[in-house]
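For the sequence shown, full-length UniProt numbering assigns the number 1 to the initial residue and increments by one for each residue that follows. Okay, structure first, notes after.
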Amino acid sequence: MAPAILGMKAETKRKDDTQLENQYQKGVKHLCENGITKVPSKYILPLPERPHSNKAEQNVAKANLKLPIIDFAELQGPNRSKVLESLANACEVYGFFQLVNHGIPSEVTSSMIDVSKRFFELPFEERAKYMSADMNSPVRYGTSFNQTKDGVFCWRDFLKLMCQPMSDVLPHWPSSPVDLRKSAVTYASETKFLFLMVVEAILESLGLKGTTNKKTEDIDEDGIAKEFQNGSQLMIVNCYPPCPEPDLTLGMPPHSDYGFLTLVLQDEVEGLQIQHEGKWVTVEPTPNSFVVNVGDHLEIFSNGRYKSVLHRVVVNSMKSRISVASLHSLPFQCVVRPWPKLIDEANPRRYKETDFASFIEYISSCEPKRKNFLETRKLT
Ligand SMILES: O=C(O)CCC(=O)C(=O)O
Ligand SMILES: [Fe+2]
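Here is the structure:
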């Protein structure tokens, strides 16, 4: 008798699990809209990975971090070489900097944040139209980090928008809110332009400008800047709803970004933390600025001189948080390798080459350990 009863219980439990799993697949916002008051076990991290466990506490800095500030307007003026030195130092020591006086009108950034908020406030059925498991889809609404693989989910929903070729992808972007496409296209083109200017400065700071020896490389140095014009751009709108038990979970687990540079626009709510000197440090939001970080491709390209640093997002019980990350790199099909001029006897080649496809394959093939992708590219 007993086995039959047990069997029934197991069956009921399995059904419950499936129902719950289906709920989780709909995202955190949906969960919150249904009035949860505790964090479901699906989101509870093992103790050592929690943001505020006793053990983790030793690894969290007490004070917030003021990132190095790069003044974009000053970069265009007579002090360029001084600013380039600060830029190099920020990329070497922090892997992050705060870009101020960037020239993008505040209406453009505030419209982007505003329309993003309104997108996540749409009824679930409207948002769900854009759910897709295809990593190459021009638009992808989803939750967690990799919702088909994550054992523990993170407290985040997202909208990913591929940005090129714009004429092909735009018709796939959400048609609601009605002003989303207009605001997001303007924002994408402004950030792309800013990225091109910043990447030019980055190349210069690595000593790669104005070189005339072009004969040995498949992409010459002037050519790289051009390659970036046709390069990849992916916008990720992140939504972190208020969390009833924020110490048990994370908005985003520790990871590094795959591209050359990421430009992050955040609202006034703090949450981003970066690894610095062995501790997690909160980045203080600064109005009218971008947080810019070095991605894996730039660390590889610079042969390890510039650092693609781990970062994560913590959540809070009071406020919803929105961020828009714009990830830029070479065209998706391009191979990225340490630039030959940055390799010599004193600084031998440290990384294998990589491309976007191998990154996608890596994160699709295992439970995401994106923080480790760069490790797989290191030569020992
Ligand atoms: O929300 C943030 O501040 C950071 C987002 C991020 O790291 C990402 O989208 O890769
Ligand atoms: Fe990131």
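Glycine is no exception: its CB is placed at the ideal position from the N, C-alpha and C atoms.
Closer than 6 Å: residue i CB and nearest ligand 1 heavy atom
| i | result |
| --- | --- |
| Val266 | As written in the sequence, residue 266 is Gln, which differs from the Val given in the question. Under cutoff, so the answer is yes. |
| Leu31 | no |
| Ser320 | no |
| Ala269 | Looking at the sequence shown, residue 269 is not Ala but Val. Checking every heavy atom of ligand 1 against the Cβ of Val269, none is found closer than 6 Å. |
| Leu272 | yes |
| Ser323 | yes |
| Ile236 | yes |
| Val314 | no |
Residue i: CB within 6 Å of a non-hydrogen atom of ligand 2
| i | result |
| --- | --- |
| Asp157 | no |
| Asp257 | yes |
8 Å CB neighbourhood of residue i in its chain, flanking five on each side removed
| i | result |
| --- | --- |
| Pro331 | Glu227, Asn230, Gly231, Ser232 |
| Tyr130 | Val139, Arg140, Tyr141, Leu159, Pro174 |
| Leu6 | In this prediction, Leu6 scores a pLDDT of 46, lower than 50, which makes its location untrustworthy; no coordinate-derived value is stated. |
| Ala225 | Leu196, Val199, Glu200, Leu203 |
| Lys26 | Phe124, Ala128, Thr143 |
| Lys38 | Pro244, Glu245 |
| Asp179 | Ser111, Val115 |
Spatial distance of residue i from residue j (CA atoms)
| i | j | result |
| --- | --- | --- |
| Glu107 | Ile113 | 10 Å |
| Lys214 | Gly223 | Residue confidence is low: Lys214 scores 46 on pLDDT, short of 50, so the model does not pin down where it sits. Its coordinate-derived value is still stated next. Lys214 and Gly223: Cα-Cα distance of roughly 10 Å. |
| Lys352 | Leu379 | 6 Å |
| Arg349 | Ser256 | 21 Å |
| Glu21 | Lys42 | 9 Å |
| Ala325 | Ser86 | 23 Å |
| Thr211 | Met318 | With a pLDDT of 42 at Thr211, under the threshold of 50, the modelled position of that residue is not reliable, and the figure given next carries that caveat. The alpha-carbon atoms of Thr211 and Met318 are separated by roughly 53 Å. |
| Ser364 | Lys149 | 8 Å |
| Lys66 | Val283 | 7 Å |
| Pro105 | Leu374 | 35 Å |
| Leu170 | Cys163 | 8 Å |
| Ser358 | Arg377 | 10 Å |
| residue 382 | Pro165 | The first residue shown for the chain is 1 and the last is 380, placing residue 382 beyond what the model contains. |
| Asn372 | Arg312 | 14 Å |
| Trp280 | Leu208 | 33 Å |
Expected contact under 8 Å - CB spacing of residue i and residue j to nearest Å
| i | j | result |
| --- | --- | --- |
| residue 433 | Phe96 | Because the chain in this structure spans residues 1 to 380, residue 433 falls outside the shown range and cannot be described. |
| Pro254 | Leu310 | 5 Å |
| Tyr94 | Arg156 | At roughly 24 Å, the Cβ-Cβ gap does not stay under 8 Å, so Tyr94 and Arg156 are not in contact. |
| Phe195 | Leu263 | 6 Å |
| Val315 | Pro244 | Incorrect: roughly 10 Å between the Cβ atoms, too far for contact. |
| Phe153 | Met252 | No, Phe153 and Met252 are not in contact; Cβ-Cβ is about 11 Å, not under 8 Å. |
| Pro285 | Glu268 | 6 Å |
| Asn89 | Pro68 | 7 Å |
| Leu342 | Arg305 | 7 Å |
| Pro40 | Leu250 | Between Leu250 and Pro40 the Cβ distance is about 15 Å, and since that is not below 8 Å, they are no contact. |
| Glu74 | Val83 | 5 Å |
| Leu122 | Ser183 | Their Cβ separation, rounded to whole angstroms, is 15 Å, which puts Leu122 and Ser183 out of contact at 8 Å. |
| Leu31 | Gln23 | 7 Å |
Sequence-distant residues of the same chain with beta carbon closer than 6 Å to residue i, five excluded per side
| i | result |
| --- | --- |
| Gly278 | none |
| Ile360 | Met135 |
| Ile44 | Leu248 |
| Val237 | Ser116, Leu159, Val324 |
| Gly259 | Gly295, His297, Leu327, His328, Ser329 |
| Phe72 | Leu99, Asn101, His102 |
Outcome for residue i when other beta-carbon atoms lying within 10 angstroms are tallied against a minimum of 16
| i | result |
| --- | --- |
| His276 | buried |
| Glu190 | buried |
| His297 | buried |
| Gly271 | buried |
| Pro48 | exposed |
| Gln58 | exposed |
| Gly235 | The amino acid occupying residue 235 in the given sequence is Met; Gly does not appear at that position. Under this definition Met235 is a buried residue. |
| Val335 | exposed |
| Thr354 | buried |
| Pro338 | buried |
| His328 | buried |
| Asn347 | exposed |
| Ala133 | exposed |
| Ser308 | buried |
| Asn64 | exposed |
| Gln273 | buried |
| Asn79 | exposed |
| Ser81 | exposed |
Same chain, Cβ closer than 7 Å to residue i, five either side skipped, listed in chain order
| i | result |
| --- | --- |
| Lys117 | Ile322 |
| Phe290 | Leu99, His102, Leu263, Val264, Leu265 |
| Lys29 | Phe120, Asp157, Cys239, Pro241 |
| Ser167 | none |
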